[in-house]
Amino acid sequence: MRRREFITLVGGAAVIWPLSARAQKTARIPRIGVLWHAGSAEEEGRYFTGFIEGLRDRGYIDGSNIILEHRFPNEMPDRFRKMAADLVSLNVDVLVGVGSQTAYYVKDATSTRPIVFIFVPDPVGAKFMISLARPGGNATGLTHFAADLIGKRL
Numbered sequence: 091m092r093r094r095e096f097i098t099l100v101g102g103a104a105v106i107w108p109l110s111a112r113a114q115k116t117a118r119i120p121r122i123g124v125l126w127h128a129g130s131a132e133e134e135g136r137y138f139t140g141f142i143e144g145l146r147d148r149g150y151i152d153g154s155n156i157i158l159e160h161r162f163p164n165e166m167p168d169r170f171r172k173m174a175a176d177l178v179s180l181n182v183d184v185l186v187g188v189g190s191q192t193a194y195y196v197k198d199a200t201s202t203r204p205i206v207f208i209f210v211p212d213p214v215g216a217k218f219m220i221s222l223a224r225p226g227g228n229a230t231g232l233t234h235f236a237a238d239l240i241g242k243r244l
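Take any residue in the sequence shown, note its place counting from 1, add 90, and you have its number in this note's numbering.
This is the structure in structure tokens:
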């Protein structure tokens with residue numbers, strides 16, 4: 091290595107090194123928006139505590155490494171729409187619709203944010219996804235009953 095190349099290499103490293111140190115970013119905490127159907131966490135009862143405990147068992151702690159935004163519309167259709175839109179406006183990373191009724195409102199609120207639904211009886215028939223094998227779109231979730239699963243259960 092010649093002298094000029096060496097000086098250029100060392101000089102370039104000395105200039106770039108402080109810039110790269112300042113470019114470090116802080117970790118962004120993911121936000122999860124959850125639309126329930128009842129009026130409060132107490133009314134949701136074991137479903138609410140089960141959801142929180144399930145996340146905790148997998149290492150996700152609200153306020154520590156995730157932020158949970160809960161909304162409780164109390165079975166009022168206008169509040170479902172408003173609260174689903176509110177969660178989308180908060181720029182959450184994923185939306186969760188607990189129950190078949192809430193899932194419809196969450197799906198209507200956005201076509202771009204990922205949606206996870208829980209307890210939708212027939213997600214293909216409800217147009218949440220194209221098929222169970224290849225859901226497509228922005229929705230996925232858990233169902234306990236669907237015509238497509240009957241053959242698989244046998």
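Cβ coordinates follow ideal geometry from the N, Cα and C atoms, glycine included.
Quick caveat: nothing in here was measured; it's all calculated off a predicted structure.
#1: Have a look at 134, 219, 162 and flag the residue whose alpha-carbon is nearest the alpha-carbon of residue 125.
#2: So does the stretch 204-216 actually touch the stretch 179-194, counting three or more Cβ pairs closer than 8 Å?
#3: Return the residue from the list 213, 184, 215 that minimises the CA-CA distance to residue 200.
#4: Just to confirm, are residue 177 and residue 231 a CB contact at a threshold of 7 Å?
#5: Does the beta-carbon distance from residue 180 to residue 159 come in below 7 Å?
#6: Consult DSSP for residue 52 and reduce its assignment to one of helix, strand or coil.
#7: Taking DSSP as the reference, what is the three-state secondary structure of residue 207?
#8: From the DSSP output, which residues share a beta bridge with residue 165?
#9: In this structure, does DSSP put residue 212 in helix, strand or coil?
#10: Comparing C-alpha positions only, which one of 120, 194, 157 sits nearest to residue 174?
#11: If you draw a straight line from the C-alpha of residue 166 to the C-alpha of residue 223, how long is it?
#12: How would you write the range of the beta strand (DSSP E) that residue 229 sits in, first residue to last?
#13: Among 216, 233, 212, 154, which one has its Cα closest to the Cα of residue 120?
#14: Kindly list the residues whose CB is nearer than 6 Å to the CB of residue 134, restricted to its own chain and excluding five residues on each side of it in sequence; keep chain order.
#15: Please report the residue range of the alpha helix (DSSP H) in which residue 146 lies.
#16: Taking its Cβ as the centre, do 16 or more other Cβ atoms sit within 10 Å of residue 139, making it buried, or is it exposed?
On the basis of the coordinates in this document:
#1: 162
#2: yes
#3: 184
#4: In this structure, residue 231 does not lie closer than 7 Å to residue 177 by Cβ.
#5: Against a cut-off of 7 Å, the Cβ pair of residue 159 and residue 180 comes out as a contact.
#6: In this structure the chain extends from 91 to 244, so residue 52 is not present and cannot be described.
#7: strand
#8: DSSP lists no partner for residue 165.
#9: coil
#10: 194
#11: Their backbone Cα atoms lie some 34 Å apart in a straight line.
#12: 229-232
#13: 154
#14: 126, 128
#15: 136-147
#16: exposed
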